[in-house]
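Below is one structure, written out as structure tokens, with a few remarks after it.
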Amino acid sequence: MAGFEEPAIYSPEFADTIIPANGTYPFYFSENPSLIAGLSDKSLSLIAPLVAYWVHSLIFHALDVYGTEWAWLAPYRIHESAEVKAKNLVSKSQVVWAVLVQQAIQTILGIIFVDSEETSVDHREKMARMSPILVQSTLLWMGNPHLAQSSLQRWGSSVLYFAYWWAIPTAQILFAFFVLDTWQYFLHRYFHTNKFLYRHFHSWHHRLYVPYAFGALYNHPVEGFLFDSLGAVVAENISRLSIRQTVLLFTFSSLKTVDDHCGYSLPFDPLQILFSNNADYHDIHHQAIGIKKNFSQPFFIHWDTILGTKMTRKEVEERTKKSKRNGLLKENGHANEHVNGHTNGHTNGHTNGHANGHANGDGDKNGNGNGVVNGDHHKLKVE
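Under this note's numbering, the letters of the sequence shown match residues 36 to 418, in that order.
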């Protein structure tokens, strides 16, 4: 048709018009070769988790040591301080050495498997590969090329910028959380159901009946390698994280696992607010009543919920009350049985004694005597 002009959106060059200019970066991005001068990002990914672990642990350790007399802190303490000494089966010095061994293994594994990436990345070129996908998706979604074109001309650059710098990195991190959660849930559960693995490996971690912060990574070295070290590397590689995203994943995971074992249920702790898999939730797993529950770690509880292994604090309290009631009923039952047996023994003894006495012609005297003897004999048997 004469005078018909094809919308510009169909032109291959249109996709280039919505690419944000180079140099437009979010606040978290740095063009420097490394985040910290003189320290490579790969080295940072290995050092930052160690610093985060011990600094975060020492904060809670200070509360354990100096906060015992603080009345405001008492309601948030999951266990009394005395329980740590009374119920835990391993000394704190042994815990420290075991954690240091695991962290050494983690560091060696990171040196081998964590890749350093090139610092010179052309972000505009990477966004240029995404822009045609955005154009085609908008056309399919809106159906009208003129409307799609005007929308992309107005908002396309912002949408592409958001997708590249925020949506995709966030999705990668969340997917890494999911991979790590999946890895640890099924391994953790298997180490509980397999008696050999529990006895020889996972029982180490459960020597801490009352968890505390710097005992978070107290594991058998084999378990520590499989659960934490290898799990983190698998999550990083499957999620295709950049080296700086890896720094975030490893550091945040360390903070989270310390917080999950801190021994305090703090309503103002951001990690305990954001995640339902927190110190109180994981503490249940360390108790006898919940040792076959709450396997999820370290972030979410979806696998516990889906597979029926979730136990809440409310359920723990209800089961504890029920157990106490059953115990009292059982004790009362034994007491009643004892009293009834004692009474019946006397009654039967007297009756039999009288009967035997009259039958033998010995009179009431012998009958009463025999009755008391028989009754006392039964009493002794019952008691």
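We treat Cβ as the ideally placed atom computed from N, Cα and C, and that holds for glycine.
For S128, the enclosing alpha helix (DSSP H) has its first and last residue at 127 to 148. Exclusion of the five residues before and after P167 leaves A50 as the residues of its chain whose Cβ lies within less than 7 Å of its Cβ. Within the model, the alpha-carbon separation for P302 versus A121 is close to 27 Å. Every unbroken stretch of the alpha helix (DSSP H) spanning 4 or more residues and falling wholly within the region 220 to 259 is given here in chain order: 230 to 235, 256 to 259. The beta carbon of S264 lies closer than 7 Å to those of I140, Q141, L144 in the same chain, with the five residues before and after it left out. Inclusion of Y101 and Y299 in the CB contact set at 7 Å is not warranted, their separation being larger than that value. Around H317, the same chain offers D295 as residues with beta carbons nearer than 6 Å, after the five sequence neighbours per side are excluded. In the same chain as Q219, and ignoring 5 residues on each side of it, the C-beta atoms closer than 6 Å to its own belong to F262, G266, Q332, in chain order.
Shown here for L70: same chain residues with a beta carbon closer than 8 Å to its own, the five before and five after excluded, namely D76, L79, R279, V282 in chain order. Annotation: the continuous alpha helix (DSSP H) that includes D295 extends over 278 to 295.
For K127 and S92, the gap between their C-alpha atoms comes out near 13 Å. Residue L276 holds the alpha-carbon nearest to the alpha-carbon of A211 among A83, K328, L276. When secondary structure is reduced to three states using DSSP, Y60 falls in the coil class, being assigned neither helix nor strand. Rounded to whole angstroms, the gap between the alpha carbons of L169 and F62 is 24 Å.
For A97, the enclosing alpha helix (DSSP H) stretches over residues 76 to 101. When DSSP states are grouped into helix, strand and coil, I319 belongs to the helix group. Taking the Cα positions, V149 is about 12 Å away from A270. The shortest CA-to-CA distance from S151 to any of W107, L81, Y88, L85 is the one to L81.
Between V351 and I326, the C-beta spacing is not below 7 Å. Under the three-state reduction of DSSP output, I113 falls in the coil class, being neither helix nor strand. Put simply, of I94, E160, E258, Y247 the residue whose alpha carbon is nearest the alpha carbon of F231 is E258.
DSSP, reduced to helix, strand and coil, places I336 outside both helices and strands of the structure shown, so it counts as coil. The Cβ atoms of V214 and I147 lie no closer than 7 Å to each other. Comparing alpha carbon positions, the residue from Q129, Y45, S116 closest to P256 is Q129. For L174 and S185, the gap between their C-alpha atoms comes out near 11 Å.
In the structure shown, the three-state DSSP call for I324 is helix. When the Cα atoms are used, T286 and T292 turn out to be separated by approximately 10 Å. Taking the Cα positions, Q307 is about 39 Å away from W176.
The alpha carbon of R159 has as its nearest neighbour, out of G343, E41, H240, A198, the alpha carbon of A198. When secondary structure is reduced to three states using DSSP, I54 falls in the coil class, being assigned neither helix nor strand. L195 places its beta carbon 7 Å or farther from that of I44. The Cβ-Cβ distance between Y253 and V86 does not fall below 7 Å.
Distance from the CA atom of H240 to the CA atom of A83, rounded to whole angstroms, is 24 Å.
For T173, the enclosing alpha helix (DSSP H) starts and ends at 158 to 177.
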